[in-house]
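So the protein lines, in turn, are chains V and C.
Counting along the first sequence from 1, when you hit position 284 you're at 284 in this note's numbering, and nothing is skipped either side.
Each position in the second sequence, counted from 1, maps to that position plus 1000 in this note's numbering.
C-beta atoms are modelled at their ideal positions from N, C-alpha and C, and glycine is treated no differently.
Number of protein chains: 2
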Amino acid sequence: MADEALSAGAVARRLGVAVTTLRTWHQRYGLGPSEHVPGHHRRYTPADLARLEIMRRLTAEGVTPAEAARWAGQAPAGVDVAGPRARPVTARDGGGPTIPVGRAGPVARGLARAAMRLDSVAIGETIAHALATDGVIATWDGLLRPVLAGIGERHVATAGLIEVEHLMSRCASEALAAAARARPPTGPARILLSCADEEQHSLPLEALAAALAEAGVSYRMLGARVPVTALVEAVTRTGPAAVVVWSHTRATADPGQLSALLAAPRRPLLVLAAGPGWRADTLPAGVVRPADLAEALSLALAVRDSLEQSTTD
Amino acid sequence: MADEALSAGAVARRLGVAVTTLRTWHQRYGLGPSEHVPGHHRRYTPADLARLEIMRRLTAEGVTPAEAARWAGQAPAGVDVAGPRARPVTARDGGGPTIPVGRAGPVARGLARAAMRLDSVAIGETIAHALATDGVIATWDGLLRPVLAGIGERHVATAGLIEVEHLMSRCASEALAAAARARPPTGPARILLSCADEEQHSLPLEALAAALAEAGVSYRMLGARVPVTALVEAVTRTGPAAVVVWSHTRATADPGQLSALLAAPRRPLLVLAAGPGWRADTLPAGVVRPADLAEALSLALAVRDSLEQSTTD
DNA sequence: CAATCGACGCAGCAATCGACGCAACTCGTA
DNA sequence: TACGAGTTGCGTCGATTGCTGCGTCGATTG
């Protein structure tokens, strides 16, 4: 670990920019060594270098330098997006007359039972309570996803239970929407949520929307079955900073949609390919593929306010 | 501190309108940056932005843009614009690539405008307000249906606007669900609502559900794309007094589904074939075909009343 | 003496400007 | 019922603005 100070030339060489540019960045955006006496040589600490790295990466992505600088300036402990995440051990559990929910807990089992009963009131109450108590992420990963997966499995196996699946989806959708509405986000919507073309499953996207609302981030949600042209037009019109495209199955995961997004007139800062449909090796460069809801949320949060933090509204 | 100077593009993105429209608003209504040198770039201060926000909200409520601009122009205290604002006082309306709502009223027009802007917040607020004020039936017939029909027409004609249609549907769905939840029905659910097989439009059914909830009648809602076997099974399991099957297009209106219902072990008292998909001459005997939402509601209410009479305790 | 500093200027490029026009909707009128 | 007048949002075009990266110059630092 070199905690010695780097000279301007060294930093410039490392970043791949001219020395003059470093000076410009300093006096235009205040993005320089934390301690610097005017007239003396600049000494960049590792922390300063990290800030400049952010600046360089953002500008390389196409962000306006002024924006990137504002963003890099206030990031002392910036990038730790990918953290250690405990992975639930896949364990076979339970059979029986109801829906297999794995070891998702008694609440999930109760929810599954209510679903089998087509008891929409109980379903709605259970989900709403979980949302209020544990938050969107935990409810999604620990309750909704297991139960829905269980119904799906059963549905594939027995070619029945479709009405149960639809009822669950509807109730979950309602509960998520209610949760999102309970915490109305403020500020401009810089994040666009959309399903892939032909994709009709929008529930995970609604969960993400609710999670965003929970975090106080406003967004635009287009919903299911959004054709490429419509998506591109929406991007062109609203110019979001980030776009999340959900694909549930491989059939709906056409990488061309993402390429079209990147080629749009107002290229979004970040394009997220979410859902199990996407294949990592076929994604165009510059597209990020979050592993789960939590990661998608943290990525979206990272881009949140790249433009301004005005105190209006 | 004039630190917050938004560019035209930033403001346009924030409001959801085109940059050109901002310029138009400036030169037509004098609604622009307080200090602007002709030829130079426009710099919107927070005060200017607030004025535009008012403009946006008013137009979303259905106010004529010209009038909205007059309102917004004199809103902020202090610096006032002395722009070329000599407009005629005529209260004409209409214009732009909006959605034809005919003579459905200003609220519908405002809703259509908000939809074009993909402004889900405004859409949701408008619908929720209408639901609370006028009730479900009036909101459906006087607001939602005209706007949705307008979008549909336009969508067929121009092969675009799909994202607007989806957003409207989603917001309407949310609002209807919220309204239904606000008045939780009591008692056992004796009415089953379901889409026909392969039918994916469930919004009218959700409107009926909300209307039922408003009337204090409890129901079970299965949702979209319910296969015949699933529907029959649900009927067998829950034994409803009435079943409403919605079909939006002729392709999904297979009379066999209704026959299967009538042949079910626990034959429902009343089977309603709702939606424009059904053809009166092909319906099996004993199936009623309501003309609109109000009729469907009154039929459902009649069933409830007859039940109360027969099973009175 | 090499590297850097602050100041100044310049060329490329994206965003924006003003002007014009188009398409589409409403409404009054024939 | 059809049609023209009035409105309105927005696309397009050529010119301009303003931001950005960086080279240059004389003075200073290490």
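Could you check which residue in the options has the C-alpha nearest to that of residue i?
| i | options | result |
| --- | --- | --- |
| alanine 132 of chain V | V:Val37, V:Glu214, V:Val243 | V:Glu214 |
| valine 1271 of chain C | C:Ala1230, C:Val1244, C:Arg1304 | C:Val1244 |
| leucine 297 of chain V | V:Glu206, V:Val232, V:Ala234 | V:Glu206 |
| alanine 285 of chain V | V:Asp141, V:Glu295, V:Ala260 | V:Ala260 |
| valine 19 of chain V | V:Arg42, V:Glu35, V:Ala5, V:Glu174 | V:Arg42 |
| arginine 1250 of chain C | C:Ala1242, C:Asp1305, C:Val1303, C:Glu1199 | C:Glu1199 |
| leucine 1283 of chain C | C:Ala1253, C:Leu1052, C:Thr1236 | C:Ala1253 |
| alanine 1300 of chain C | C:Tyr1219, C:Trp1278, C:Gly1239 | C:Tyr1219 |
| threonine 1126 of chain C | C:Ala1234, C:Val1156, C:Ala1175, C:Arg1013 | C:Ala1175 |
| alanine 280 of chain V | V:Arg267, V:Leu258, V:Ala264, V:Leu262 | V:Leu258 |
| alanine 1108 of chain C | C:Ala1177, C:Val1063, C:Trp1071 | C:Val1063 |
| methionine 1055 of chain C | C:Ile1162, C:Ala1177, C:Ala1072, C:Glu1061 | C:Ala1072 |
| leucine 144 of chain V | V:Val11, V:Leu208, V:Val228 | V:Leu208 |
| histidine 155 of chain V | C:Val1147, C:Ala1066, C:Leu1269, C:Ala1230 | C:Ala1230 |
| alanine 1234 of chain C | V:Thr139, V:Val164, V:Val287, V:Val232 | V:Val164 |
| threonine 1186 of chain C | C:Ala1196, C:Ala1130, C:Leu1212 | C:Leu1212 |
| histidine 166 of chain V | V:Glu35, V:Pro38, V:Ala115 | V:Ala115 |
| glutamate 1153 of chain C | C:Pro1255, C:Met1221, C:Thr1098, C:Ala1069 | C:Thr1098 |
| serine 7 of chain V | V:Arg181, V:Ala263, V:Tyr44 | V:Tyr44 |
| alanine 1210 of chain C | C:Asp1197, C:His1026, C:Ala1180 | C:Ala1180 |
| leucine 192 of chain V | V:Met168, V:Val226, V:Pro184 | V:Val226 |
| aspartate 292 of chain V | V:Val228, V:Ile137, V:Ala182, V:Ser194 | V:Ile137 |
Taking only beta-carbon positions, decide if residue i is within less than 7 Å of chain V.
| i | result |
| --- | --- |
| proline 1276 of chain C | no |
| alanine 1075 of chain C | Model confidence at alanine 1075 of chain C stands at a pLDDT of 49, short of 50, so the residue's coordinates are unreliable and nothing is read from them. |
| leucine 1222 of chain C | yes |
| histidine 1166 of chain C | yes |
| glycine 1078 of chain C | In this prediction, glycine 1078 of chain C scores a pLDDT of 35, lower than 50, which makes its location untrustworthy; the coordinate-derived value is nonetheless stated afterwards. Chain V, which has no Cβ nearer than 7 Å to the Cβ of glycine 1078 of chain C, makes this no. |
Mind checking if residue i is an interface residue toward chain C, Cβ cutoff 7 Å exclusive?
| i | result |
| --- | --- |
| proline 97 of chain V | Low per-residue confidence applies at proline 97 of chain V: pLDDT is 44, beneath 50, and the placement is therefore not dependable, though the value from the model is reported in the following sentence. No, proline 97 of chain V lies away from the interface with chain C (no Cβ there is under 7 Å from its Cβ). |
| histidine 201 of chain V | no |
| alanine 291 of chain V | no |
| proline 204 of chain V | no |
| threonine 24 of chain V | no |
| glycine 239 of chain V | yes |
| arginine 279 of chain V | no |
| arginine 170 of chain V | yes |
Mind checking which residues open and close the alpha helix (DSSP H) that includes residue i?
| i | result |
| --- | --- |
| tryptophan 246 of chain V | Here tryptophan 246 of chain V belongs to no alpha helix (DSSP H); instead the beta strand (DSSP E) covers 242 to 246. |
| isoleucine 123 of chain V | 120 to 139 |
| leucine 144 of chain V | Premise fails: leucine 144 of chain V is in no alpha helix (DSSP H) and is neither H nor E. |
| serine 1259 of chain C | 1255 to 1262 |
| serine 173 of chain V | 162 to 182 |
| isoleucine 1054 of chain C | 1046 to 1060 |
| leucine 1203 of chain C | 1203 to 1214 |
| arginine 1289 of chain C | First-last for arginine 1289 of chain C: undefined, no H or E at that position. |
What does residue i touch in chain V if you count any residue whose Cβ is under 7 Å from its own?
| i | result |
| --- | --- |
| serine 1120 of chain C | Arg220, Met221 |
| alanine 1132 of chain C | Near alanine 1132 of chain C there are no residues of chain V at all, since even the closest Cβ is about 14 Å away, more than 7 Å. |
List the residues of chain V that residue i touches, going by C-beta distances under 9 Å, in chain order.
| i | result |
| --- | --- |
| alanine 1104 of chain C | Correct list: empty, because the minimum Cβ distance to chain V is about 23 Å. |
| glutamate 1174 of chain C | Ser173, Glu174, Ala177, Ala178, Ala180, Arg181 |
| leucine 1231 of chain C | Glu163 |
| arginine 1056 of chain C | Chain V residues near arginine 1056 of chain C: none, gap ~12 Å exceeds 9 Å. |
| arginine 1042 of chain C | The premise fails here: arginine 1042 of chain C is roughly 16 Å from chain V at the closest Cβ pair, so nothing lies under 9 Å. |
Chain V partners of residue i, CB-CB under 8 Å?
| i | result |
| --- | --- |
| valine 1226 of chain C | Ile162, Glu163, His166 |
| alanine 1234 of chain C | Leu118, Glu163 |
Give the range of the beta strand (DSSP E) segment to which residue i is assigned.
| i | result |
| --- | --- |
| leucine 272 of chain V | 270 to 274 |
| leucine 231 of chain V | No beta strand (DSSP E) holds leucine 231 of chain V; the alpha helix (DSSP H) holding it covers 228 to 238. |
| leucine 1222 of chain C | Run containing leucine 1222 of chain C: none; DSSP gives neither H nor E here. |
| leucine 1193 of chain C | 1191 to 1195 |
For my contact list, residue i and residue j are in at a C-beta cut-off of 8 Å; report their separation, rounded to the angstrom.
| i | j | result |
| --- | --- | --- |
| serine 247 of chain V | alanine 224 of chain V | No, serine 247 of chain V and alanine 224 of chain V are not in contact; Cβ-Cβ is about 11 Å, not under 8 Å. |
| arginine 190 of chain V | alanine 241 of chain V | 4 Å |
| threonine 238 of chain V | glycine 1016 of chain C | 6 Å |
| leucine 22 of chain V | alanine 69 of chain V | Incorrect: roughly 12 Å between the Cβ atoms, too far for contact. |
| threonine 236 of chain V | alanine 196 of chain V | Wrong, their Cβ atoms sit about 18 Å apart, outside the cutoff. |
| alanine 1122 of chain C | glycine 1150 of chain C | Rounded, the Cβ-Cβ distance is 17 Å, inconsistent with contact. |
List, in chain order, every chain C residue whose beta-carbon is nearer than 8 Å to that of residue i.
| i | result |
| --- | --- |
| proline 188 of chain V | Arg1013, Arg1014 |
| arginine 154 of chain V | Simply none; closest approach about 13 Å. |
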